[in-house]
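The next block holds one structure in the form of C-alpha cells; read it before the comments.
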Amino acid sequence: MVRFREGARLDTSGVQDRRGGGGRAVAVGGGGIGVVGLIAFVLIQVLGGGGSGGSGPDVASVLAQLQGGGGGTADNTELAQQCQTGADANDSADCAAVAIVDSIQDFWTAALPQATGTPYAETDTVFFSGSVQTACGGATSGSGPFYCPGDQLVYVDLTFFDQLQTQFGARGGTFVDAYVLAHEYGHHVQNLLGTNQQVTPGETGPTSGTVRLELQADCYAGVWANHATTTSDDGQEPLITEITQDDVDRALDAASRIGDDFIQTNLGGGTVDQDAFTHGSSAQRERWFSTGYETGDPGACDTFATDDLG
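With full-length UniProt numbering, the residue at position 102 of the sequence shown is 102, and numbering never jumps.
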C-alpha cells in the first residue's frame, strides 16, 4: 500500500475541517467525482436509470433537499493535533488524506508553470460530514467528492471512500482515495487554465465537453501519481515513498466502477444510455488515468484535441 515518509511534516493548512456541522445525507447516487456531474447522478438514481416511471421521489424534491445542506465552520484543531507526521498518515485515513492533498499541491505548484506557463494557486480541500453549503449551492455526502469553481474548493465527505467499496464494489485503499482527490484537483487545474470554459453546462453524451473535462481530470490524476514518489514536500525528500502495482490496480478498479456505463447498469435501471454520459465509460476512465500515469506529462491529457477518447 501507499507509504508516507515517517518523519515528514504534514501541513493541515490546506484542509478545512467542517465536520462539526453536517446534516442528513440524501442518497442521490454518489460517485460523482466531478465538477458538473451531480445533477446527472440525481437523475440516474431517482429515475431508476433513465426511465420516467421511477417510483422514488421526484427530481425537484431531491434537488430541494440538496440545497438544504448544513455546512459548519472550519476547525482544524483536532486534525492538526492528530496529523503531524508521515507516520500519522500511515496510521490514519484522515491524516493520509491530508498528506495526499499536500503532495498533489506540491506537485502542481512546480509542474503547472513549467508545463503551461500558468502559476498554480493552492486551494483547500473541505472535509464535511452529511451536507455542506458551497458557492455552487448545497450538496450532501451522496453527491460524492466534487470541485466547485465558484469558490475554487474541493469538497469531500471522507465516508465516500467506504461507499466506494460498499456501494460500488471497489477494492478500495489509500491510493484509491488519492486518485479521487487528485481527480478533483485536476478540475482545479482546469479552472486555473480556463479549460472548463470550453464546456457548455449541462452538455451530455459520449464525446461531449463534459465527458472530455472529466477524462482530462482522470489523466491529470495519473500525471500526479507518476510523480508522487519524487515530489518533495520540503525541497529535499518526497512525502510519498512507495506506490505499488497493487495500488495502481486498485485505482484502475475504482475508475472502472465510476464510469457512466457501470453506474447506469449497476446502480440505475440496467440500461446504458450513452446520450446521458457525463463522465465517460469505465474503459475511458481507466484509459485516461493510465495515460497520465504512464507518461507523467500534462500535455498528454488534451482530451479536447482528440477524436479518439477510447
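Ideal Cβ placement from N, Cα and C applies to all residues, glycine included.
Endpoints, beta strand (DSSP E) assigned at residue i
i: residue 131; result: 131 to 134
Beta-carbon gap between residue i and residue j smaller than 9 Å
i: residue 154; j: residue 123; result: yes
i: residue 225; j: residue 255; result: no
i: residue 97; j: residue 127; result: yes
i: residue 222; j: residue 173; result: no
i: residue 304; j: residue 216; result: yes
i: residue 284; j: residue 180; result: no
i: residue 249; j: residue 171; result: yes
i: residue 184; j: residue 125; result: yes
i: residue 205; j: residue 275; result: yes
i: residue 75; j: residue 175; result: no
i: residue 93; j: residue 161; result: yes
i: residue 15; j: residue 242; result: no
i: residue 281; j: residue 302; result: no
i: residue 141; j: residue 159; result: yes
i: residue 129; j: residue 19; result: yes
i: residue 279; j: residue 237; result: no
Run of the alpha helix (DSSP H) containing residue i, from where it starts to where it stops
i: residue 260; result: 260 to 266
i: residue 242; result: Run containing residue 242: none in the alpha helix (DSSP H); it sits in the beta strand (DSSP E), 240 to 242.
i: residue 253; result: 245 to 257
i: residue 162; result: 160 to 166
i: residue 78; result: 77 to 82
Exposure of residue i, with buried meaning 16 or more beta-carbon neighbours within 10 Å
i: residue 266; result: exposed
i: residue 9; result: exposed
i: residue 7; result: exposed
i: residue 259; result: buried
i: residue 131; result: buried
i: residue 38; result: Interpretation of residue 38 is limited by its pLDDT of 39, a score under 50 that renders its predicted location unreliable; the figure taken from the coordinates is listed afterwards. Label assigned to residue 38: buried.
i: residue 286; result: buried
i: residue 99; result: buried
i: residue 298; result: buried
i: residue 139; result: buried
i: residue 13; result: exposed
i: residue 264; result: buried
i: residue 111; result: buried
i: residue 195; result: buried
i: residue 202; result: exposed
i: residue 78; result: exposed
i: residue 228; result: buried
i: residue 135; result: exposed
i: residue 150; result: exposed
i: residue 121; result: exposed
Residues of its chain near residue i, where Cβ-Cβ distance is below 7 Å and the 5 sequence neighbours each way are ignored
i: residue 11; result: 102
i: residue 95; result: 10, 82, 83, 88 and 89
i: residue 152; result: 123, 188 and 191
i: residue 193; result: 116 and 118
i: residue 200; result: 209
i: residue 198; result: 209 and 304
i: residue 169; result: 257
i: residue 73; result: 18
Heavy atom of the ligand PLP within 8 Å of residue i beta-carbon
i: residue 200; result: The ligand PLP is not among the ligands present in this structure, which contains no ligands whatsoever.
Close beta carbons around residue i, own chain, < 8 Å, minus the five adjacent residues each side
i: residue 106; result: 231, 232, 233 and 239
i: residue 85; result: 6, 7, 8, 9 and 10
i: residue 80; result: 12
i: residue 113; result: 119 and 120
Cut-off 6 Å between Cβ atoms - residues of its own chain near residue i, not counting five sequence neighbours on either side
i: residue 300; result: 291
i: residue 186; result: 217, 220 and 221
Complete runs of the alpha helix (DSSP H) confined to the segment 88 to 153 [at least 4 residues]
DSSP runs (the alpha helix (DSSP H)) wholly in the segment 88 to 153: 93 to 116.
Report the residue ranges of all alpha helix (DSSP H) runs contained in full by the segment 185 to 232; include only those spanning at least 4 residues, in chain order.
Secondary structure within the segment 185 to 232: the alpha helix (DSSP H) runs of 4 or more consecutive residues, fully enclosed, are 209 to 227 (chain order).
At 3 residues or longer, what runs of the beta strand (DSSP E) sit wholly inside the UniProt region "Disordered" (1 to 22)?
As summarised for the UniProt region "Disordered" (1 to 22), the continuous beta strand (DSSP E) elements at least 3 residues long and confined to that stretch are 15 to 17, given in chain order.
Which runs of the alpha helix (DSSP H) spanning at least 4 residues fall entirely within the segment 282 to 308, listed in chain order?
The segment 282 to 308 contains, as complete alpha helix (DSSP H) runs of 4+ residues, the segments 282 to 295 (chain order).
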